[in-house]
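Heads up: the sequence lines are chains A and B, in that order. Oh and the first sequence: position 163 is 165 in my numbering, straight run, nothing missing. Oh and the second sequence: position 136 is 138 in my numbering, straight run, nothing missing. Single-structure report; data block below.
2 protein chains.
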Amino acid sequence: MKRRDADDTRRRIFEAATAEFGAHGIAGARIDRIAAAAGANKQLIYAYFGNKRELFDTVVSGHLARLLDEAPFDPTDLPAHAASIFDHYIRHPELARLGAWHALDPAEAGHRIAALESVIKARTAAVKHAQRAGKISDTIPAADLLAMVANLASMWAVPTQEWSPPGGITPAQARRHRAALLEAVRRLVEPA
Amino acid sequence: MKRRDADDTRRRIFEAATAEFGAHGIAGARIDRIAAAAGANKQLIYAYFGNKRELFDTVVSGHLARLLDEAPFDPTDLPAHAASIFDHYIRHPELARLGAWHALDPAEAGHRIAALESVIKARTAAVKHAQRAGKISDTIPAADLLAMVANLASMWAVPTQEWSPPGGITPAQARRHRAALLEAVRRLVEPA
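In structure tokens, the structure reads:
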């Protein structure tokens, strides 16, 4: 197979796997359906990506890399960072859905995704540094502050339906949620 | 069947359904397994609770009723309210897990649980009232503020594993998360 064809096949598998894992989770995902949707051979999926869990890891890591690329992180401006995560999730809710399945599935309990772990570690250190330098408040410990910002920024990507009107979140509501998020994170970091 | 026996059977079905839905979600739950775990007849489950979705509704509504009973709500003291939700979830993570499945499952998209919807509606009105009376800040709209508090209070009940050390959250970490939560919610509602 030519290099360009192989890249194209990998991309189609990645997209089909994103849709399958996003809808059905890890336990519920079927490699057969991913193969059919991608128009690819099942054996080729195993050859390219390994087993189902390895494929899930690759898919999560790929979406995480895109988030890191699109949502700039500046520990001294966490409101802007939160807004950029929020904007990313409005366009691409996939990563938030995949993360939620990953947290829920009992079979995932001991499974830690290396790419996610290393981002959290680096960012916690950066927030701690900004706190020590007095750039942002330190009344909330760095790790908790970062987890709160990530949570508040992603909560409308996989919303519990009772929190929104039937039919889902409209663009006008998304703007209001975004403004509320900016204000909330500003309050979390402002000097006491 | 005597009344007391029937109550006991219902209780066993409720508990078995909680475990089954919590581990496998709605799509993945099997009525056969619930029947086996409860030592009850499958037909009896349908007779008592209706179909799988109705059983799920009853289970969520039952756990919600317990949360409402255990976690007092005072719109003028949202930090204490958040801490009481947090404490409840440390003891009973079931409702947080059930809610997460409910939000994730594509088949649940149009399905709104009445008990949950009415609590959100009543509490949003109460928060709005407290804001208008000047008891708490109104720079974050009531509905967003309530959703943020609920989210922050439950985020450690179904945590993404990479946010915590391997082995899960220790009692000492839970105390630190609780203190951080109190401080965060205090910041969200304090007059500007």
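Glycine included, C-beta positions come from ideal geometry on N, C-alpha and C.
Limits of the alpha helix (DSSP H) - the one that residue i falls within
i, result
"A/VAL129", "116 to 134"
"A/GLU96", "96 to 106"
"B/ALA149", "144 to 156"
"A/LYS137", "No alpha helix (DSSP H) contains A/LYS137, which DSSP labels as neither H nor E."
"B/VAL61", "54 to 72"
"B/GLN45", "44 to 51"
"B/PRO173", "173 to 191"
"B/GLU17", "5 to 30"
"B/ALA39", "33 to 40"
"B/SER86", "80 to 93"
Any C-beta of chain B under 9 Å from that of residue i
i, result
"A/ILE33", "no"
"A/GLU119", "yes"
"A/GLY64", "no"
"A/HIS94", "no"
"A/HIS113", "yes"
"A/ILE87", "no"
"A/ILE171", "no"
"A/ILE122", "yes"
Residue burial classification, residue i (beta-carbon count within 10 angstroms, cutoff 16)
i, result
"A/LYS123", "exposed"
"A/LEU183", "buried"
"B/ASN43", "exposed"
"B/GLN45", "exposed"
"B/HIS131", "exposed"
"B/ARG189", "buried"
"B/LYS54", "buried"
"B/THR172", "exposed"
"A/ARG6", "exposed"
"A/ASP71", "exposed"
"A/PRO77", "buried"
"A/ASP59", "buried"
"A/ASP146", "buried"
"A/ALA186", "buried"
"B/SER120", "exposed"
"A/PRO193", "exposed"
"B/ARG32", "exposed"
Proximity test, Cβ basis, 9 Å: residue i and chain A
i, result
"B/ARG125", "no"
"B/GLU110", "yes"
"B/ALA67", "no"
"B/LEU106", "yes"
"B/GLY41", "no"
"B/ALA102", "yes"
"B/ARG99", "yes"
Residues from the segment 175 to 194 of chain A in contact with chain B, defined by Cβ distance under 7 Å: ARG178, HIS179, ALA182, GLU185, ALA186, ARG189, LEU190
Contacting positions in the segment 142 to 167 of chain A - beta carbon closer than 8 Å to chain B: ILE142, PRO143, ALA145, ASP146, LEU147, ALA149, MET150, ASN153, LEU154, MET157, VAL160, PRO161, THR162, GLN163, GLU164, TRP165
Cβ-based contacts, 8 Å cut-off: residues of the segment 9 to 34 of chain B near chain A: ALA25, HIS26, GLY27, ALA29, GLY30
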